[in-house]
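> Numbering (numbering that gives the first Met the number 0), first residue to last: 0 to 401.
Glycine included, C-beta positions come from ideal geometry on N, C-alpha and C.
Since the model is a prediction, treat every value here as computed from it, not as a measurement.
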Amino acid sequence: MKPDSAPQALLDAIDADTMLSQVQDWAAINTGTSNIAGLDAMAGVLADAFSVLPGEVELIEPAKVTAISAEGREFEKPHGKHMVLRVRPNAERRFVLTGHMDTVFPADHPFQEVGWLDGETINGPGTADMKGGLNVILHALKTFETTEGSERVGYDVMINSDEETGSLASRGLIEELARGKYAALTYEPSALPDGTLAHARGGTGNYSITLNGRSAHAGRNPHEGRNAIVAASDLVLRIKALEAEDITVNPAKIEGGSANNVVPDLAVLRFNIRPKSTEAMDRFDGELDAILRLIEAEHEVGIHRHGGVTRPPKPVDAKAQALFDLVKACGAELGQTIGWKPTGGVCDGNNIAATGVPVVDTMGVRGGAIHSPDEFMIVPSLRERAALSALVLAKLSTGDHL
């Protein structure tokens, strides 16, 4: 960017009407994580849209992911393709920008249409989380490409199809693309409608524990049975007791059993943990193994463990804080007030930070009520946030900010 160019020129270069029209079209495509046809259609639309940038677009097959059924069987779970754009891959300084095309609304959900709430706000599935954010990436990069010095740096854009379910089919891809990058930006919606960014984040892990006992008649010979639900209930109390200031444990569901007169020989326990530190994450993992061995011995059941931590905690180190400070300074130049706050939520920014790359992961639109039919996007934020990202990238392209 030329030293005498005003940041306002970035705003003036962005076509807000086109941005809004694209978001409305994109939100009209159902992309619930399990809607493979919808995700394939969206991937094609995004590939066409991002092909205007000077790089190569590729649709990448998802990694294999398995889950545990209510019957305790492991099965492969299908996912949609991921979109990757690589621009100037041989540049010495490179960035990574990430987002997701999937939403939490399946194809049969009643929330499918976009409408206006007022003159500046639309309501629609994925408008904030995160079809709006994907559009910000596109127009920020189109604007960035017009700034002086952009040709000296490169970047990758990764838009995955499974963020809402933990990015299990894209985690390896995210980490591969993040490694070695100078900085990363992720386009989740702002933490608050005023544009506040998410700062430090905790981690998350999802577990499915299958317990296999032995069935018997509840009246004639119950002593010969091994009650899998009793074992699962004991397990619930023991893992809940592992909660501490730096970790929470949420037993969410026990599946299994049959008739009242049968000792149940199967139970599946599903639970979530939220560690605030890597130490808490590792501590829980070790304690869980010991508890599972104890439950096996005391209840004489077989146990199969599935899952684990999918997103490690995301602390903010000095380099990451420098990136936050730069975003705030760029916001000030554009007349935007940028603040931040820690959050218990997680996103792909957690996985990026784990590679050692500084990341700000709420660079998307201003909005709110995500994951509900009340989800909304503040329309002027499309242009605002695209200009913000373009200016941040322009600054990161020269000098040693981090």
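Would you kindly work out how many angstroms separate the C-alpha atoms of Asp-101 and Asn-159, rounded to a whole number?
Here residue 101 refers to the residue found at position 102 of the sequence shown. Here residue 159 refers to the residue found at position 160 of the sequence shown. Straight-line Cα distance between these residues: approximately 8 Å.
> To the nearest angstrom, how far is it from the Cα of Leu-291 to the Cα of Ala-42?
The residue you call residue 291 lines up with position 292 of the sequence shown. The residue you call residue 42 lines up with position 43 of the sequence shown. When rounded, the distance between both Cα atoms is 42 Å.
> Work out the CA separation of Val-229 and His-81 for me, nearest whole Å.
Along the sequence shown, read from residue 1 onward, the residue named residue 81 stands at position 82. Along the sequence shown, read from residue 1 onward, the residue named residue 229 stands at position 230. One C-alpha to the other measures close to 42 Å.
> What do you get for Met-0, buried or exposed, if any count of 16 or more other CB atoms within 10 angstroms of its CB means buried?
Numbered from 1 along the sequence shown, position 1 holds the residue referred to as residue 0. Its pLDDT being 40, under 50, Met-0 is placed unreliably in this model, and the coordinates cannot settle the point.
> Classify Phe-49 as buried or exposed, calling it buried when 16 or more other Cβ atoms lie within 10 Å of its own Cβ.
On the sequence shown, position 50 is the one that residue 49 refers to. The residue is buried, with at least 16 neighbouring Cβ atoms inside 10 Å.
> Spatial neighbours of His-198 within its chain, please: C-beta separation below 8 Å, excluding the five flanking residues on both sides.
Along the sequence shown, read from residue 1 onward, the residue named residue 198 stands at position 199. Contacts found: Val-315, Phe-323, Trp-339, Lys-340, Pro-341, Thr-342.
> What would DSSP say about Thr-65, mapped onto helix, strand or coil?
Taking the sequence shown and counting its residues from 1, one reaches residue 65 at position 66. Of the three classes helix, strand and coil, the one that applies to Thr-65 here is strand, per DSSP.
> So the alpha helix (DSSP H) Met-280 belongs to, where does it begin and stop?
Counting from 1 along the sequence shown, the entry for residue 280 is found at position 281. Met-280 -> alpha helix (DSSP H) spans 277-298.
> Rank Glu-244, Asn-249, Asp-245 by C-alpha distance to the C-alpha of Arg-237 and give the top, closest one.
In the sequence shown, the residue the question calls residue 237 occupies position 238. Comparing Cα-Cα distances from Arg-237 to each of Glu-244, Asn-249, Asp-245, the minimum goes to Asn-249.
> Give me the Cα-Cα distance between Ala-36 and Met-157, rounded to the nearest whole angstrom.
Locating residue 36 in the sequence shown gives position 37, where the first residue counts as 1. Locating residue 157 in the sequence shown gives position 158, where the first residue counts as 1. Approximately 20 Å between the Cα atoms of the pair.
> Give, in chain order, every unbroken run of the alpha helix (DSSP H) that is at least 4 residues long and sits entirely within the segment 306-347.
317-332
> Spatial neighbours of His-370 within its chain, please: C-beta separation below 6 Å, excluding the five flanking residues on both sides.
For this step, residue 370 is matched to residue 371 along the sequence shown. Exclusion of the five residues before and after His-370 leaves Val-103 as the residues of its chain whose Cβ lies within less than 6 Å of its Cβ.
> How many Å lie between Gly-153 and Ala-331 at the Cα?
Sequence index remark: in the sequence shown, residue 153 carries index 154 (1-based). Sequence index remark: in the sequence shown, residue 331 carries index 332 (1-based). Taking the straight line from one Cα to the other gives about 26 Å.
> With a CB to CB cut of under 6 Å and the five nearest residues on each side skipped, what residues in its chain are close to Gly-54?
By 1-based counting over the sequence shown, the position of residue 54 is 55. Cβ within range, chain order: Leu-84, Arg-85, Val-86.
> Apart from the five residues on each side of it in sequence, which residues of its chain come closer than 6 Å, Cβ to Cβ, to Gln-21?
In the sequence shown, residue 21 corresponds to position 22, counting from 1. So the qualifying residues of the chain are Asn-134.
> Put Val-83 into one of helix, strand or coil per three-state DSSP.
Taking the first residue of the sequence shown as position 1, residue 83 is located at position 84. Note: Val-83 maps to strand in three-state DSSP.
> Per DSSP, Phe-104 forms a beta bridge with which residues?
Along the sequence shown, read from residue 1 onward, the residue named residue 104 stands at position 105. According to DSSP, Phe-104 bridges with nothing at all.
> Among all the DSSP beta bridges, which residues are the ones paired with Met-154?
Translated into positions along the sequence shown, residue 154 becomes position 155. The sequence as given places Tyr at residue 154; Met does not occur at that position. DSSP, once it has assigned bridges, lists Val-86, Phe-94 as partnering Tyr-154.
> Less than 8 Å between the C-beta atoms of Gly-194 and Ile-337, yes or no?
Position 195 of the sequence shown, counted from the start, is the residue given in the question as residue 194. Position 338 of the sequence shown, counted from the start, is the residue given in the question as residue 337. Yes.
> Report the residue from Lys-394, Gln-111, Asp-233 whose alpha carbon sits nearest the alpha carbon of Asp-24.
Here residue 24 is taken as the residue at index 25 of the sequence shown, counted from 1. For Asp-24, the nearest C-alpha among the options comes from Gln-111.
> What residue range does the alpha helix (DSSP H) around Ser-371 cover?
Against the sequence shown, residue 371 aligns to sequence position 372. No alpha helix (DSSP H) holds Ser-371; DSSP gives it neither H nor E.
> As an exercise, report each continuous alpha helix (DSSP H) stretch of at least 4 residues that is fully enclosed by the segment 136-200, in chain order.
Segments of the alpha helix (DSSP H) lying fully in the segment 136-200: 170-177.
> How would you call Lys-63, buried or exposed, if buried means at least 16 neighbouring beta carbons within 10 angstroms?
Position 64 of the sequence shown, counting from 1, holds the residue named residue 63. When all chains shown are included, Lys-63 counts as exposed.
> Would Gly-31 and Leu-381 qualify as a contact pair, given that the criterion is a beta-carbon distance under 8 Å?
Here the question's residue 31 lines up with position 32 in the sequence shown. Here the question's residue 381 lines up with position 382 in the sequence shown. Against a cut-off of 8 Å, the Cβ pair of Leu-381 and Gly-31 comes out as no contact.
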